[in-house]
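Written below as C-alpha cells is the structure these notes are about.
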Amino acid sequence: MPLRHAAALLIEYAIRIAPPESRKWGQAMRGELSFVDGQWAALGWAFGGARVMAKHALIAFFLPGRGRHLITPYVDLFERRVPNRKAVLVTAVGFVLAAFVFLAAPPFRQALRVSLEGWKGMSGLAEFRAVAKQAEARRDTEGMAFVAVRLRDDEESARLAEEAVQLDPTLTWVYAVEAANHRWLPNIREWLPKLERWDAHNTVFQLIAAASVDRSFHPVMLMDPKTRMEWVAAGRIPLAREFASSKFDDYLDRLRDLDRRVVQRYGFNDPYLVIWWEDSLPDSAGDVLSYARSVLEWGETLEAHGDHVGAAENYWKVARFGQVIDSQGHTDFEEEMGSDLQARAYKQLERLSKEGGNANDAALFGYLAGKFTKSAEPLWNGEGERAFGDYVIQRNAFVLQLSSFMMVVFSGLIVVSALFLIIGRSRRGREDPPRQQPVATMVALTSGAGVLLSAATIYLTYRPYWYIFQRAMMNGDRSHAQDLSAFLFWVGEWSRNAAFQCRRVWSFFITDSPSLHAFISLEVICIGIICVLIIFLRQFRGRPSAGKLQNHTQAP
Amino acid sequence: MKTPRISPETLRVLESFLERPTGWHYGYELSRETKLKSGTLYPILMRLEKHKLLEARWVATQDGVPPRHTYRLTPDGLELARTQLKEARSRWMVQQPALSRG
C-alpha cells in the first residue's frame with residue numbers, strides 16, 4: 072500500500088502544479104489509479120500521469136495561454152479569456168500607476184536623483200553654475216561662497232570667492248577653505264595676510280598653504296620625508312609658531328551653516344552636491360599629520376645627537392597640539408587625529424623617560440599613550456559614528472542601484488509589450504474579435520509588478536538616508552551624516568563597478584582570446600536569445616487568427 | 008474539419024473504441040486493451056476530445072474512491088475512426104505482400 076499511496080501523492084502533486092485547464096485530466100488519471108492492478112503498475116501509471124501534467128505546466132509557464140489550446144474547445148477559449156486578458160491589463164496599468172504614486176514622495180524623488188548621479192557620474196557643474204548665476208544676480212554672497220568652494224575650476228572658484236568676500240568681509244574664512252581646495256591658486260598669497268588679520272590666532276591656513284617663511288608654496292603633506300626633515304632642520308617650517316597656537320579652526324562649522332542656509336534658499340535637493348562635496352573637500356588633516364611627523368622626527372634627530380631636552384620639547388609640542396585639535400576639531404576624524412597625535416607624542420615621551428631612568432614618568436606617559444591610542448583607533452580602522460555598518464551601507468547602495476536598473480528594464484518591457492498590444496489591435500480592426508496576445512499581456516503584467524516592486528524597494532531603501540539629509544539640512548544635526556556620505560560613495564562605486572564588469576565581459580568575449588568556457592557561455596546566451604525569439608515569433612506570427620479559429624469551430 | 012495527427016498509437020485507441028462503438032470506456036481499460044501507458048494514452052484522449060471526436064463524463068464510484076472519467080467516440084469520432092482504420096488496413100494489406108517478397 073505505501074507504493075500506491077506514494078503514487079496517489081505523486082499524481083495529486085502533479086495536478087496541483089498543472090494549469091487549471093489540464094487538471095481534469097490529472098483527476099481522470101487519479102480516478103483510474105484505484106483500479107490499476109498491482110502497486111508497481113500503479114506507480115508507473117502515476118509517473119505517466121505526472122509526466123503529462125508536468126508537460127502541460129511547462130507549456131503554460133513558457134507559453135501562457137497555449138496550454139488551453141490543447142484541450143479546450145476554441146469557442147470557450149475566446150469567451151473565457153477576453154475578460155481575463157482585460158483584467159490582467161487593468162492590473163498591469165494599476166501597478167504602473169501605483170509606482171507613479173511614489174513620485175509624490177520626496178525620498179523617492181531624491182533616491183532617483185542619487186541613483187542617476189551614481190550611474191552617470193556626479194559633476195554638478197551645471198547646477199553649481201545655475202546657483203552662481205542666480206547668486207550673482209541677487210548679490211547673494213553666501214550663494215557665491217557655496218559654489219566657490221565646490222567648483223573645480225580654479226579661476227572661476229577664486230573669482231566667486233573674491234566677489235563674495237568683497238561684498239561680505241565676514242566670509243573671509245572662505246579663503247581658507249578655498250586654499251585647502253585649490254592648493255596651487257596664486258591668489259592664496261594675497262589671501263594669507265587677510266586671513267591672518269581676520270583670525271590671527273588660527274593656525275589652520277598656515278598649515279594648509281604656506282609651509283615656508285618666504286611664502287613659497289610647498290604643502291608639507293606633499294613633501295617627501297627627506298625634504299621635510301631638511302626644511303625642519305633649516306628652520307623653514309615655522310614649527311614653534313603653529314604648534315604653539317591654541318586655536319585650530321578649519322571653518323567646517325561655518326561652511327555647514329552656510330550650506331544649510333543656501334540649500335534652503337535655493338531648494339537644493341541633492342545630497343551629492345551638499346554632503347558629498349563637504350566630505351570630499353580637502354581638509355587640513357593630512358598637513359597636520361605630516362607636520363606632526365616632522366616635529367617628532369626632528370625630536371628623534373635631536374635625541375640621537377644627545378639633546379634630550381630639545382627632543383622632549385618637540386614631543387610636548389605635538390602632544391599639546393594634539394590636545395588642541397582633539398578639543399576644537401569639528402569632525403570625528405579631527406578628534407581622532409588629535410588623539411593619534413597625543414598617542415604618538417606620549418609614546419616618545421615614555422621611551423625617553425625610560426631611557427632617562429624615570430620610571431614614574433614613563434608609567435604615566437605609557438598610560439596616556441595607551442588611552443589615546445584606543446581613542447584614535449577608528450581613524451585607522453576607517454570607522455566613525457555610524458548608525459549602520461559598512462556591510463549594511465554597501466548592501467543598501469547595491470539594492471538601490473539594482474532596483475533603479477530593474478525599474479528601467481521593466482519600464483522598457485512595458486513599453487515594448489504595450490506596442491505589441493496596440494499594433495496587434497490596430498491590425499485586427501475593431502469589428503474582429505480580439506486576438507490573444509498572451510506573452511505581451513503577461514510581460515505587461517509582470518513588468519508592471521516589477522516596476523511597482525522596484526519603486527517600493529527604492530523608496531524603502533533610501534528613506535533612512537533621506538531623513539539623515541533632512542536632519543542635516545533643517546536642524547544641522549549631522550550625527551549620521553557619515554552614513555549618508557558612505558552610502559553616496561558606494562552608490563557611485565557600484566555603478567562604476569557595474570560599468571567595469573560590463574567592459575570586462577565585453578573584452579572577455581570579444582577582444583581577449585576566448586577560452587572553452589567562454590565559448591560555452593556565449594553559446595548558452597545565444598541559445599537563450601534564440602529560444603526567446605522563437606517563443607515571441609510563435610506567439611505573434613505562428614498562431615491562427617481569431618476569425619479562422621471561429622470559422623473552424625463553426626464547421627460541421 | 009481538421010483531424011488530429013493519426014499515429015499508430017491513436018489507431019490502436021480508435022480500434023479499441025470501435026470494439027464497443029457506443030459504449031463508455033474507462034482510461035485504465037483502454038490502457039490494458041491498447042497496451043499503452045498512461046503517459047501515452049491520455050495525451051491521445053486529450054487531443055481527440057480537443058477535436059470533438061471524443062466525449063467524456065464523470066462517473067461516481069463507491070465512497071472514498073475518486074470518480075472515474077469515461078469516454079466514448081462522438082459520431083464524428085466514429086466516422087473518423089472507421090475511415091482511418093479502413094485506410095490503415097488497406098495500406099497494411101498492400102504492404103504485406105511487398106514485405107513478404109522480401
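In order, the protein sequence lines correspond to chains A and P. Going letter by letter, the first sequence gives residues 72 to 627 in the working numbering. Going letter by letter, the second sequence gives residues 8 to 109 in the working numbering. Even for Gly, the Cβ is constructed at its ideal location relative to N, Cα and C.
Original post:
In angstroms, rounded to a whole number, what distance separates the CA positions of K425/A and F436/A?
Top reply: 10 angstroms
Original post:
What do you get for W96/A, buried or exposed, if any count of 16 or more other CB atoms within 10 angstroms of its CB means buried?
Top reply: buried
**OP:** Report the three-state DSSP secondary structure of H379/A (helix, strand or coil).
**Re:** helix
Original post:
Quick one: which chain A residues come within Cβ less than 7 angstroms of V72/P?
Top reply: S105
Original post:
When the Cα atoms are used, what is the spatial distance from Y343/A to V185/A?
Top reply: 7 angstroms
Original post:
Helix, strand or coil for V220/A per DSSP?
Top reply: V220/A: coil per DSSP, three-state reduction.
Subject >> Straight-line gap, G428/A to Q541/A (C-alpha atoms, nearest Å) >> reply: 57 angstroms
Original post:
Could you give the residue range of the beta strand (DSSP E) that holds V345/A?
Top reply: Taken as a continuous stretch (DSSP letters only), V345/A belongs to no beta strand (DSSP E), as it is neither H nor E.
Original post:
What residues are listed by DSSP as bridge partners for A63/P?
Top reply: A63/P pairs with Y78/P.
Subject >> Start-to-end residues for the alpha helix (DSSP H) that takes in G102/A >> reply: R94 to L104
Original post:
Along the chain, where does the alpha helix (DSSP H) that runs through D239/A open and close?
Top reply: Looking at the DSSP string, D239/A is not in any alpha helix (DSSP H), and its letter there is neither H nor E.
Subject >> CB contact check: S45/P to chain A, cutoff 8 angstroms >> reply: yes
Subject >> Length of the line joining the Cα atoms of P177/A and L323/A >> reply: 28 angstroms
Original post:
Would you say M215/A and A203/A are within 8 angstroms of each other, going by their C-beta atoms?
Top reply: yes
**OP:** Compute the distance between the beta-carbons of F491/A and W565/A, then report whether it is under 8 angstroms.
**Re:** no
Subject >> Segment contact, 8 angstroms Cβ cut-off, at least three pairs: the stretch 544-555 of chain A with the stretch 326-339 of chain A >> reply: The stretch 544-555 of chain A, when compared against the stretch 326-339 of chain A, does touch it at the 8 angstroms Cβ threshold.
Original post:
Nearest to A182/A by alpha carbon, out of D341/A, A158/A and F166/A?
Top reply: It is D341/A whose Cα lies nearest to the Cα of A182/A.
Original post:
Residue range of the alpha helix (DSSP H) that D330/A falls in?
Top reply: Its alpha helix (DSSP H) spans residues L323 to Y337.
Original post:
Just how far apart, CA to CA, sit E83/A and L37/P?
Top reply: 22 angstroms
Original post:
According to DSSP, is K204/A helix, strand or coil?
Top reply: helix
Subject >> F24/P: first and last residue of the uninterrupted alpha helix (DSSP H) it sits in >> reply: Per DSSP, F24/P belongs to the alpha helix (DSSP H) from P15 to E26.
**OP:** Please report the Cβ distance between E261/A and A219/A, rounded to the nearest whole angstrom; I am assuming they are in contact, meaning their Cβ atoms lie under 8 angstroms.
**Re:** Not confirmed; about 15 angstroms, so no contact.
**OP:** Give the secondary structure of H76/A by DSSP, where H, G and I count as helix, E and B as strand, and everything else as coil.
**Re:** helix
Original post:
For N385/A, which residues from the same chain have a beta carbon less than 6 angstroms from its beta carbon, with the 5 sequence-adjacent residues on both sides left out?
Top reply: Sequence-distant partners of N385/A (beyond 5 residues in either direction) whose C-beta falls short of 6 angstroms from its own C-beta, in its chain, are V366, W369 and G370.
**OP:** Please state whether DSSP places N273/A in a helix, a strand or coil.
**Re:** Strand, per DSSP.
Subject >> Nearest candidate by alpha-carbon position, reference E56/P, set G46/P, E40/P, A67/P and D83/P >> reply: D83/P
**OP:** Say whether chain P places a C-beta atom closer than 8 angstroms to the C-beta of G109/A.
**Re:** No, G109/A does not count as interfacial toward chain P.
Subject >> Span of the alpha helix (DSSP H), counted from its first residue to its last, around W190/A >> reply: P177 to K191
Original post:
Rounded to a whole number of angstroms, what is the C-alpha to C-alpha distance between A131/A and P91/A?
Top reply: 10 angstroms
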